[in-house]
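Visitor: Mind looking over this structure? Questions follow.
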Amino acid sequence: MLRIGVVGPTFPPIENIARVAKRVEEKGYDSLWFPDHLMGWFPQSIWTSDIVGILAVYSPHTFFETTLSIAVASSSTQRIRIGSAVTEAIRHHPAMLAQSYATLEHITNSRVILGIGAGELENVEPYGLKYEKVVSRLEEALKVIKLLWSAKRDELISFDGKFFKLRDAVFELPPLKRRPPIWIGGSGERMCKITAKYADGWLPTGLTSQEYGEKMKVIEEECSKNGREIDEIEKGIFLNLIVDEKREECLRLMMESPLIKAGALLAPSSLYEKLGYEHPLGRNFYPLTDYVPARYSRREALEAIEKVPFEVVQESFVWGNVEDVIDTLDKYRKHGAQTAVFWNFTFLGDATKLKSSYSCLDKIVNYFMEQN
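What follows is the structure, encoded as structure tokens:
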């Protein structure tokens, strides 16, 4: 069984969120997800009409606030799950995350998912916050959230952590049905351990199907150490997608589109090195911890994009025609994936492919609905 989710709109008009959410539900998708960003993944210096076409009307850094987006999406839907992909506990205090998502549990009729990770440098350091010990901070935040959600009425809550301290705190917003499930976004060694210990779901990105299976085994081993069963955790995968009825069109976009190539800059240096290359942004480059795209001039960005090897672009996306994508998803499914969440990059390479690429994705959803 494989369920399909998709990333929702992040830019105006606000009516787009409710409209897309309704369409997603009607087409049979399982879930709708919203990123929690202040800054996007592309330098605004290359977000110009000669590169992105009509998309230049907006900035690459245009993002509605995540929890409000979830609330709006819930207003036009009844069934689909709606989550953050993903938030963090650097900009957001865990007590506020606990309250916001407990509120969303009421608004969405228990359909919300708290997707959370360690955070990205681009959303933190430029805004005057320290980006350090982020994985330890995440684990402590999860302890605080779960502590607050498990509190009884009239209970005073205290917690003496390294990053967060509570003294005589209270949390008395009861669940409508249940507390929101927590999905962890990340696949490093410590993130796998945290997933096994605290998570209801797992939503990593940047993994091949084989790597996904290897990480799954790590989580299963860690679950055993924590007295849990791996089946207690829903297994997801977050995938960047390039899809078209013609495979050749996907190849063209990956070879010609500066924005698609810029997406491959988000791959870690380890992928480049595995394929025999050096990352254009430097040795040991890791996008979550090193990349602030707003700081790259047009010349710097285009020079880096020009150095991205085609093999790396191919490895950075799930791509191809409908049948190709289904075959790739089957590989993830065989390694235990239960939910695949797509961020559709296709129309970033060619804005005229917005509708056609989502039509292809609809066909993929239909295939797995029939299989399920």
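Going by my numbering, the letters in the sequence shown line up with residues 7 to 378, in that order. C-beta atoms are modelled at their ideal positions from N, C-alpha and C, and glycine is treated no differently.
(1) Use the C-beta contact count for residue 247: other C-beta atoms within 10 angstroms, 16 or more gives buried, fewer gives exposed.
(2) Is residue 369 near residue 328, with beta carbons less than 9 angstroms apart?
(3) Please look up how many angstroms separate the CB atoms of residue 311 and residue 271, rounded, as I've assumed it's under 8 angstroms.
(4) Which ranges would you report for the alpha helix (DSSP H) in the segment 162-223 if only whole runs of at least 4 residues count?
(5) So, using beta-carbon positions, are residue 256 and residue 326 closer together than 9 angstroms?
(6) Could you work out which residue in 305, 350 and 346 is closest to residue 52 when comparing CA atoms only?
(7) Evaluate contact between the segment 35-54 and the segment 343-358, counting only Cβ atoms and requiring at least three cross-stretch pairs below 8 angstroms.
(8) Taking DSSP's pairing of strands, which residues face residue 349 in a bridge?
(9) Kindly list the residues whose CB is nearer than 7 angstroms to the CB of residue 198, restricted to its own chain and excluding five residues on each side of it in sequence; keep chain order.
(10) Note the first and the last residue of the continuous alpha helix (DSSP H) segment covering residue 75.
(11) What are the uninterrupted segments assigned as beta strand (DSSP E) that are 3 or more residues long and contained completely in the segment 237-308, given in chain order?
(12) Among residues of its own chain, excluding the 5 on either side of residue 130, which ones have a beta-carbon nearer than 6 angstroms to its beta-carbon?
(13) Quick one, which of 89, 28, 217 and 207 has its alpha-carbon nearest residue 83's?
(14) Got a sec, what are the start and stop residues for the beta strand (DSSP E) residue 9 sits in?
(15) Would you mind giving the Cβ-Cβ distance between residue 165 and residue 148, rounded to the nearest angstrom? I have them listed as a contact below 8 angstroms.
(16) Do residue 324 and residue 267 have their beta-carbon atoms positioned less than 9 angstroms apart in this structure?
(17) Quick one: using the 10 Å Cβ neighbour count with 16 as the cut-off for buried, is residue 56 buried or exposed?
(18) Note down the Cα distance separating residue 216 from residue 273, rounded to an integer number of angstroms.
(19) Taking 9 angstroms as the threshold (C-beta atoms), are residue 77 and residue 151 in contact?
(20) Residue 275 and residue 288: beta carbons closer than 9 angstroms?
(21) In the DSSP output, what is residue 46 paired with across the bridge?
(22) Helix, strand or coil: how does DSSP classify residue 155 here?
(23) Does the beta-carbon distance from residue 185 to residue 155 come in below 9 angstroms?
(24) Using DSSP with H/G/I as helix, E/B as strand and the rest coil, what is residue 93?
(25) Looking only at its own chain, which residues have a Cβ that is under 7 angstroms from the Cβ of residue 135, when we skip the five neighbours before and after it?
(26) Going by DSSP, which residues form a beta bridge with residue 119?
(27) Cβ atoms of residue 101 and residue 172: under 9 angstroms apart, would you say?
(28) Would you decide whether residue 339 is buried or exposed? Buried here means 16 or more other CB atoms lie within 10 Å of its CB.
(29) Which value, in whole angstroms, describes the spacing of the CA atoms of residue 243 and residue 121?
Guide: On the basis of the data shown:
(1) buried
(2) yes
(3) 7 angstroms
(4) 195-204
(5) yes
(6) 305
(7) yes
(8) 246
(9) 221, 224, 225 and 228
(10) 72-81
(11) 240-249
(12) 96 and 137
(13) 28
(14) 9-13
(15) So it is not a contact: roughly 12 angstroms between Cβ atoms.
(16) no
(17) exposed
(18) 17 angstroms
(19) no
(20) yes
(21) Residue 46 is not bridged to any residue.
(22) helix
(23) yes
(24) strand
(25) 96 and 97
(26) 89
(27) yes
(28) buried
(29) 12 angstroms
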